[in-house]
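S.K.: Following my numbering, the numbering of the sequence shown begins with 75 at its first residue and continues without gaps. Shown below is the structure under consideration.
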Amino acid sequence: MAGFKNLDQELTPLHLPLSGGSIPPPLTRGGREGFGVGIIGGGYAGMAAAVALSERGIPVTVFESAQQLGGRARGVVHRDAQLDNGQHLLLGCYRQTLRLIEQVGGNLEQDFLRLPLQLDLHGKFSLRAPHLPAPLHLLVALLSARGLSFGARLNAARCMLALRRTNFLLPTDMTVAELLAQHGQDAELTQKLWEPLCIAALNTPLHKASAQVFLNVLRDAMNQSRADSDMLLPRVDFSALFPQRAASYVELRGGSVLTSCGVEKITPKDGGIELATAKNATTFSHVICAAPPAIAARLLRSTTALESVVTQIETLQHQPIYTVYLQYAPTVGLPYPMLGLYQRYSQWLFDKGQIAGQHGLLAAVISAEGIHQELPQEQLAQKVITELREEFGIADQPKWFKIIAEKHATFTCSPNLQRPSQQTALPGLLLAGDYTAGDYPATLEGAVLSGLRCANLILKL
Ligand SMILES: Cc1cc2nc3c(=O)[nH]c(=O)nc-3n(C[C@H](O)[C@H](O)[C@H](O)COP(=O)(O)OP(=O)(O)OC[C@H]3O[C@@H](n4cnc5c(N)ncnc54)[C@H](O)[C@@H]3O)c2cc1C
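In structure tokens:
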């Protein structure tokens with residue numbers, strides 16, 4: 075714990091509650107009072123940082139404004155059905171997220187339905203990775219895919235090999251659409267293979283999406299080990315999967331996780347940083363702001379030294395994700411746990427019966443901007459119901475539907491985007507979150523990596 079020793083030497087005693095209430099008393103380590111890290115936000119980024127610091131004996135206090143943990147990956151209950159705010163998918167290469175889930179007590183075998191890489195656009199295109207080592211599994215999958223001419227499949231395989239030869243690195247960033255044009259990928263190949271992959275990975279349309287970030291995902295998912303491209307569909311809700319378990323882990327190690335306790339103000343004070351909630355103000359030696367970008371910008375705005383990072387955050391644009399849940403009779407299901415539709419409103423369909431034993435519950439996911447945003451919810455649900463009838467002969471009407479529209483689901487992952495660094499101009503204040511600097515688009519792994527980076531920066535001080 076050499077890093078921790080240095081940290082102990084450099085810090086002045088802080089973490090001083092100014093008034094009583096729900097904030098716990100100062101924590102101690104090695105007889106020394108007043109050392110603590112305040113974390114704003116109990117999403118995947120904030121809870122990853124909290125676990126990493128607690129593991130090293132550092133007292134943390136997590137402030138979460140919502141009643142529950144998880145943020146943009148959280149459980150939602152509707153009419154007694156356990157849903158998520160959106161159907162998420164993890165990849166086998168999300169190593170840090172999967173490692174942390176296990177560290178806080180999860181069991182990957184039980185928590186996920188794990189499927190080998192497959193891309194199925196019902197009746198129009200189908201690609202399945204065979205049991206071969208990477209990247210052979212992908213090349214064989216591309217060459218044997220159904221729904222494209224042999225020439226198009228060969229072209230896709232050639233493109234993948236050419237990208238691999240460059241280590242998935244571009245001399246200059248460009249849009250995914252421009253990259254595909256450079257590699258001579260035709261319209262049908264793009265619509266059946268690259269577009270679904272790009273939207274799933276970056277939640278950004280091809281003509282706006284960063285080719286380099288797309289290649290980062292391909293590099294990590296497709297190129298090293300076969301298991302990296304596995305698709306993991308959670309059987310438990312996203313609050314339960316990691317953040318709630320992480321909270322128990324943190325509390326067992328002396329930390330606190332406070333829900334319904336939003337931070338309203340950040341103020342540099344006495345060499346530390348004061349966090350004010352509606353009830354209390356507490357000063358910490360370090361603060362990790364892991365709130366979503368718009369809230370982070372609002373909290374940082376009052377500190378002059380942080381003007382440029384606020385401007386950087388405010389220039390980020392955002393993309394939506396809509397999830398349409400439909401509860402049918404328990405006998406209704408889909409041919410596979412997950413499959414896509416070609417040129418339909420519903421981009422991806424999930425059969426929660428096959429995934430989590432919630433029979434008759436289907437989820438349709440519509441990612442990124444599009445004409446679906448202009449439809450009233452009733453009409454959008456009706457479009458999905460019609461598509462299910464036309465594609466799978468599901469003639470019943472659902473008992474209910476529920477649309478969860480996350481309008482700021484992710485940042486728009488455009489080329490050459492300058493994302494804020496985890497370190498800020500205010501000593502002791504760090505930024506975590508899927509939007510902060512990193513290789514990945516807005517994903518769970520990106521969020522977790524940013525939280526771990528902040529924890530490491532504190533540990534190494
Ligand atoms: C519908 C949907 C589907 C998605 N699908 C996928 C997927 O399949 N795979 C994937 O990898 N990623 C997916 N993502 C992206 C992924 O969910 C996010 O990248 C990730 O959850 C972001 O985590 P975060 O911790 O950075 O931010 P957040 O989850 O936004 O966490 C921030 C937390 O801060 C809290 N907060 C806000 N204000 C305050 C305050 N003043 N004080 C204290 N707390 C505050 C919020 O309540 C929240 O809990 C999806 C996102 C959405 C919305």
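Every residue gets a Cβ at the ideal spot worked out from N, C-alpha and C, and that includes glycine.
Is it the case that the Cβ atoms of G434 and G427 are separated by a distance below 8 Å?
M.R.: Walking along the sequence shown from the start, residue 434 turns up at place 360. Walking along the sequence shown from the start, residue 427 turns up at place 353. Yes; because the gap between Cβ atoms is below 8 Å, this pair is in contact.
S.K.: Could you say which of L280, A230, A231, M234 lies nearest to E252 if we only look at CA atoms?
M.R.: Reading the sequence shown from its first residue, position 178 is the one you call residue 252. Of the candidates L280, A230, A231, M234, the one whose C-alpha sits nearest the C-alpha of E252 is L280.
S.K.: When the Cα atoms are used, what is the spatial distance from F358 to G112?
M.R.: What you label residue 358 is simply residue 284 of the sequence shown in a count that begins at 1. What you label residue 112 is simply residue 38 of the sequence shown in a count that begins at 1. Answer to the nearest angstrom: the Cα atoms are 6 Å apart.
S.K.: Would you say E519 faces chain D, with C-beta separation under 8 Å as the test?
M.R.: Included in the structure is just one protein chain, with no chain D present.
S.K.: Between T171 and E519, which are expected to be in contact by the criterion C-beta below 8 Å, what is the C-beta distance as a whole number of angstroms?
M.R.: Numbered from 1 along the sequence shown, position 97 holds the residue referred to as residue 171. Numbered from 1 along the sequence shown, position 445 holds the residue referred to as residue 519. T171 to E519, Cβ: 5 Å. Contact.
S.K.: Here's a check: name, in chain order, each residue in its chain whose Cβ is nearer than 8 Å to the Cβ of P411, leaving out the five neighbours to either side.
M.R.: Position 337 of the sequence shown, counted from the start, is the residue given in the question as residue 411. Excluding residues within five positions, the ones whose Cβ falls inside 8 Å are L187, L189, L307, F424, D425, Q428, I429.
S.K.: Determine the contact status of R309 and G179, defining contact as a CB-CB distance below 8 Å.
M.R.: If you number the sequence shown from 1, residue 309 lands on position 235. If you number the sequence shown from 1, residue 179 lands on position 105. Not a contact, by the Cβ cut-off of 8 Å.
S.K.: Can you check which of these residues, A364, V125, A236, is closest to N297 by C-alpha distance?
M.R.: Counting from 1 along the sequence shown, the entry for residue 297 is found at position 223. Closest by alpha carbon: A236.
S.K.: Quick check on DSSP: helix, strand or coil for Y509?
M.R.: Locating residue 509 in the sequence shown gives position 435, where the first residue counts as 1. In this structure, Y509 counts as coil in the three-state DSSP scheme.
S.K.: If you draw a straight line from the alpha carbon of E388 to that of Y419, how long is it in whole angstroms?
M.R.: As a position in the sequence shown, residue 388 is number 314, starting the count at 1. As a position in the sequence shown, residue 419 is number 345, starting the count at 1. Between E388 and Y419, the C-alpha separation is close to 30 Å.
S.K.: Report buried or exposed for A203, applying the criterion of at least 16 other Cβ atoms within 10 angstroms of its Cβ.
M.R.: Along the sequence shown, one-based indexing puts residue 203 at 129. The residue in question, A203, is buried, as its Cβ has 16 or more Cβ neighbours within 10 Å.
S.K.: Is L505 near ligand 1, with its Cβ less than 7 Å from a heavy atom?
M.R.: Taking the sequence shown and counting its residues from 1, one reaches residue 505 at position 431. Incorrect: L505 has no Cβ contact closer than 7 Å to ligand 1.
S.K.: Please report the straight-line C-alpha distance between I532 and R463, rounded to a whole angstrom.
M.R.: In the sequence shown, residue 532 corresponds to position 458, counting from 1. In the sequence shown, residue 463 corresponds to position 389, counting from 1. Roughly 54 Å between the two C-alpha positions.
S.K.: On a Cα-Cα basis, can you pick out the residue from Q421, L191, L332, L182 that is closest to K198?
M.R.: The sequence position of residue 198 within the sequence shown is 124, counting from 1. Taking only the C-alpha atoms, the option nearest K198 is Q421.
S.K.: How would you write the range of the alpha helix (DSSP H) that V287 sits in, first residue to last?
M.R.: Translated into the one-based positions of the sequence shown, residue 287 becomes position 213. Its alpha helix (DSSP H) spans residues 285-296.
S.K.: Tell me, please, whether the stretch 139-151 touches the stretch 261-277 by the rule of three or more beta-carbon pairs shorter than 8 Å.
M.R.: Because the criterion of three Cβ pairs below 8 Å is not met, the stretch 139-151 and the stretch 261-277 do not touch.
S.K.: Determine the direct distance from the alpha carbon of L374 to that of L182, and round the result to whole angstroms.
M.R.: Within the sequence shown, residue 182 is the residue found at index 108, counting from 1. Within the sequence shown, residue 374 is the residue found at index 300, counting from 1. Each residue's alpha carbon lies about 37 Å from the other.
S.K.: Would you mind stating whether S128 and V324 have Cβ atoms separated by less than 8 Å?
M.R.: Here residue 128 corresponds to residue number 54 of the sequence shown, with the count starting at 1. Here residue 324 corresponds to residue number 250 of the sequence shown, with the count starting at 1. It is a contact, given that the beta carbons lie within the stated cut-off.
S.K.: Which same chain residues end up closer than 6 Å to V384 when comparing Cβ atoms and leaving out the 5 residues on each side of it in sequence?
M.R.: As a working mapping, residue 384 is identified with position 310 in the sequence shown. Contacts found: A371, L374, R375.
S.K.: Would you say the beta carbon of N159 comes nearer than 7 Å to a heavy atom of ligand 1?
M.R.: On the sequence shown, residue 159 is found 85 positions in, with the first residue counted as 1. Answer for N159: yes, Cβ within range of ligand 1.
S.K.: Less than 8 Å separating the beta-carbons of E138 and L400?
M.R.: Within the sequence shown, residue 138 is the residue found at index 64, counting from 1. Within the sequence shown, residue 400 is the residue found at index 326, counting from 1. No, Cβ-Cβ distance for E138 and L400 is not below 8 Å.
S.K.: CB A122 to CB V439, shorter than 8 Å?
M.R.: By 1-based counting over the sequence shown, the position of residue 122 is 48. By 1-based counting over the sequence shown, the position of residue 439 is 365. It is not a contact, given that the beta carbons lie outside the stated cut-off.
S.K.: State the DSSP-derived secondary structure class of L390, mapped to helix, strand or coil.
M.R.: Start at 1 with the first residue of the sequence shown, and residue 390 comes out as number 316. Coil at L390, not helix or strand.
S.K.: Is S139 a contact residue of ligand 1, with contact defined as CB to any heavy atom under 7 Å?
M.R.: Position 65 of the sequence shown, counted from the first residue, corresponds to residue 139. Under cutoff, so the answer is yes.
S.K.: List the DSSP bridge partners of C167.
M.R.: For this step, residue 167 is matched to residue 93 along the sequence shown. Looking at the DSSP assignment, C167 forms no beta bridge with any residue, so it has no partner.
S.K.: Whose C-beta lies closer than 6 Å to the C-beta of P450 among residues of the same chain, with five residues either side of it excluded?
M.R.: As a working mapping, residue 450 is identified with position 376 in the sequence shown. No residues qualify anywhere along the chain.
S.K.: Restricting to Cα atoms, I'd like to know which of R153, T246, L263 is closest to L229.
M.R.: Indexing the sequence shown from 1 puts residue 229 at position 155. Inspection of the sequence shows that residue 229 is occupied by Asn rather than by Leu. Comparing Cα-Cα distances from N229 to each of R153, T246, L263, the minimum goes to L263.
S.K.: Is there at least one non-hydrogen atom of ligand 2 closer than 7 Å to the beta-carbon of R418?
M.R.: Among the ligands present in this structure, namely ligand 1, ligand 2 is not found.
S.K.: Does the distance from the C-beta atom of L500 to that of C528 stay below 8 Å?
M.R.: For the purposes of this step, residue 500 is taken as residue 426 along the sequence shown, with counting starting at 1. For the purposes of this step, residue 528 is taken as residue 454 along the sequence shown, with counting starting at 1. In this structure, C528 does not lie closer than 8 Å to L500 by Cβ.
S.K.: Report back the beta-carbon spacing between Q386 and Q496 to the nearest angstrom; my notes put them in contact at under 8 Å.
M.R.: The count along the sequence shown starts at 1 and reaches residue 386 at position 312. The count along the sequence shown starts at 1 and reaches residue 496 at position 422. With 8 Å as the limit, Q386 and Q496 do not qualify as a contact, their Cβ atoms being about 13 Å apart.
S.K.: Looking at C-alpha atoms only, which residue of A255, A285, A511 is the closest neighbour of E243?
M.R.: Indexing the sequence shown from 1 puts residue 243 at position 169. Looking at the sequence shown, residue 243 is not Glu but Leu. Comparing Cα-Cα distances from L243 to each of A255, A285, A511, the minimum goes to A285.
S.K.: With a floor of 4 residues, list each alpha helix (DSSP H) that falls wholly inside the stretch 167-237, ordered by position along the chain.
M.R.: With a minimum length of 4 residues, the continuous alpha helix (DSSP H) runs that stay inside the stretch 167-237 are 169-177, 182-185, 210-217.
S.K.: Would the beta-carbon of V178 be found less than 7 Å away from any heavy atom of ligand 1?
M.R.: Translated into positions along the sequence shown, residue 178 becomes position 104. No - ligand 1 has no heavy atom lying nearer than 7 Å to the Cβ of V178.
S.K.: Counting only runs that start and end within the stretch 294-319, where is the beta strand (DSSP E) found for 3 or more residues in a row?
M.R.: Entirely contained in the stretch 294-319, the beta strand (DSSP E) runs reaching 3 residues are, in chain order, 305-308.
S.K.: Which of helix, strand or coil does DSSP assign to V250?
M.R.: As a first step, residue 250 is located in the sequence shown; it is residue number 176 there, counting from the start. If DSSP states are grouped into helix, strand and coil, V250 belongs with the helices.
S.K.: Where does K426 sit, in a helix, a strand or coil, going by DSSP?
M.R.: Residue numbering aside, residue 426 sits at position 352 when the sequence shown is read from its first letter. In this structure, K426 counts as helix in the three-state DSSP scheme.
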